[in-house]
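Only one structure is covered here, and it is reproduced in the block below.
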Amino acid sequence: MADDAADRLRLIRSANIGPVTYGQLIARFGTAAAAIEAIPMLAARAGGRAPVVADAAIIAREQAAVARLGARYLFLGDDDYPPLLAELETAPPVLIVRGDPALALRRVVAIVGARNASAAACRFARDLAFALAGEGLVVVSGLARGIDTAAHQGSVDGGTIGVIASGIDVAFPPENAELQERVAREGLLVTEHPPGTEPLSRHFPQRNRIIAGIAVGTVVVEAAPRSGSLITARLAGEAGRDVMAVPGSPLDPRAQGCNLLIREGATLVQSAADVIEAIGPIDARMLRSPASGYGAPLPTDASDAERRRVIGLLGPVAVTVDELIRQSGMAPAVVQMVLLELELGGRLERHSGGRVSLA
Numbered sequence: 001m002a003d004d005a006a007d008r009l010r011l012i013r014s015a016n017i018g019p020v021t022y023g024q025l026i027a028r029f030g031t032a033a034a035a036i037e038a039i040p041m042l043a044a045r046a047g048g049r050a051p052v053v054a055d056a057a058i059i060a061r062e063q064a065a066v067a068r069l070g071a072r073y074l075f076l077g078d079d080d081y082p083p084l085l086a087e088l089e090t091a092p093p094v095l096i097v098r099g100d101p102a103l104a105l106r107r108v109v110a111i112v113g114a115r116n117a118s119a120a121a122c123r124f125a126r127d128l129a130f131a132l133a134g135e136g137l138v139v140v141s142g143l144a145r146g147i148d149t150a151a152h153q154g155s156v157d158g159g160t161i162g163v164i165a166s167g168i169d170v171a172f173p174p175e176n177a178e179l180q181e182r183v184a185r186e187g188l189l190v191t192e193h194p195p196g197t198e199p200l201s202r203h204f205p206q207r208n209r210i211i212a213g214i215a216v217g218t219v220v221v222e223a224a225p226r227s228g229s230l231i232t233a234r235l236a237g238e239a240g241r242d243v244m245a246v247p248g249s250p251l252d253p254r255a256q257g258c259n260l261l262i263r264e265g266a267t268l269v270q271s272a273a274d275v276i277e278a279i280g281p282i283d284a285r286m287l288r289s290p291a292s293g294y295g296a297p298l299p300t301d302a303s304d305a306e307r308r309r310v311i312g313l314l315g316p317v318a319v320t321v322d323e324l325i326r327q328s329g330m331a332p333a334v335v336q337m338v339l340l341e342l343e344l345g346g347r348l349e350r351h352s353g354g355r356v357s358l359a
């Protein structure tokens with residue numbers, strides 16, 4: 001079992017292998033070891049160069065660091081992997097956590113918002129988080145400045161989850177180091193990045209999908225248009241989760257994002273009672289065994305003609321996989337295999353909303 005965990009880590013830490021490709025490889029070949037062995041063949045079929053698979057020695061050092069830090073791995077499919085997060089097509093194949101994973105098995109509500117939030121908004125977020133925790137809900141946020149910090153401060157005594165865009169041992173922003181440690185000690189701290197990873201700009205949208213995926217609903221408290229908080233809200237909506245927003249003054253640019261969400265159909269929230277009413281009773285999905293995360297059709301080998309057909313339909317403009325299947329007239333499993341080969345060969349880029357394009 002230890003060898004299988006190491007092989008799975010080697011697979012997910014390899015270039016050109018994201019969550020979707022990882023899931024399809026495991027579904028197609030059964031084990032990470034078999035998938036690693038098949039990668040050169042699959043990449044060659046697409047006319048690309050096989051990605052370099054993560055070195056076993058590097059993975060061993062990562063595993064030792066995780067253990068030394070008092071953290072542990074949660075693999076997609078484990079009993080204590082967050083069940084709602086597992087429903088996402090892009091669910092992280094592995095999480096690194098410190099704290100109590102059982103918190104993510106309860107009803108979780110996300111509270112997110114502006115980093116440069118007003119004092120009034122921070123007070124509201126802290127009070128809202130405190131009230132929700134008092135009702136038995138768990139609050140998840142991203143440990144950023146402003147609203148995120150207030151949400152954790154309000155809920156840490158009752159149940160909070162912090163999702164970070166860095167390694168489990170890296171605090172960002174630095175002034176939240178003490179709060180992050182408290183979340184890890186009394187709540188649950190979550191990341192998908194190896195220890196030592198510094199927070200990069202591309203990591204934050206990835207973090208946001210975890211926040212939205214863990215929660216039954218997301219509350220936005222102050223957010224400018226095109227902010228990271230609105231990305232989280234969009235991801236929550238795409239996942240079929242409740243999107244809620246706190247209204248603000250039209251004179252405050254920090255309220256424009258929330259007011260826009262409400263205009264587009266988000267639930268207006270003024271109290272914890274509004275949140276509880278919006279999310280309703282406990283979702284039946286919470287009572288099911290965790291999803292495998294591998295809901296796509298099992299990839300099936302494609303012929304050269306089928307491969308050329310799919311590649312001919314692709315271009316630099318992103319298109320949905322469903323559209324490729326319709327226009328190609330081929331079985332979904334065959335199209336998925338061609339896309340898998342292209343991605344392993346470095347010739348395909350995956351976008352949000354199940355869209356793909358040639359790299």
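Quick note, the sequence shown lines up with residues 1 to 359 if you use the working numbering. The beta carbon of each residue, even a glycine, is placed where N, CA and C say it ideally should be. A quick note: this is a predicted structure, and the numbers were derived from the prediction, not measured.
Cβ neighbours of Asn259 within its own chain (closer than 7 Å, five residues either side excluded): Pro247, Gly248 and Pro250.
Secondary structure at His193: coil, using DSSP grouped into helix, strand and coil. Shown here for Ala224: same chain residues with a beta carbon closer than 7 Å to its own, the five before and five after excluded, namely Ala114, Pro253, Arg254, Gln256 and Gly257 in chain order. When beta bridges are read from the DSSP output, Ala245 appears opposite Val220 and Leu268.
In the pairwise beta carbon analysis, the stretch 8 to 17 is classified as not touching the stretch 306 to 315: fewer than three pairs are separated by under 8 Å. Looking only at Asn176, Gly159, Asp157 and Val163, the smallest Cα-Cα distance to Gly146 is reached by Asn176.
The beta carbon of Leu143 sits closer than 6 Å to the beta carbons of Gly162, Ile164, Asn176 and Gln180 from its chain, once the five residues preceding and following it are set aside; these are given in chain order. In this structure, DSSP gives Arg355 an extended state, which the three-state scheme calls strand. Within the same chain, and ignoring the five residues on either side of Ala33 in sequence, the residues whose Cβ sits closer than 8 Å to its Cβ are Asp3, Asp4 and Asp7. Secondary structure at Gly99: strand, using DSSP grouped into helix, strand and coil. The beta carbons of Val112 and Ser229 sit closer together than 8 Å. Cβ neighbours of Leu313 within its own chain (closer than 7 Å, five residues either side excluded): Leu324, Gln327 and Ser328.
Of the candidates Asp80, Leu128, Val170 and Ser166, the residue whose Cα lies closest to the Cα of Ser155 is Leu128. For Arg45, the enclosing alpha helix (DSSP H) stretches over residues Ala32 to Arg45. For Gly159, the CB contacts under 6 Å within the same chain, skipping 5 residues up- and downstream, are Leu103, Ala133 and Val138 in chain order.
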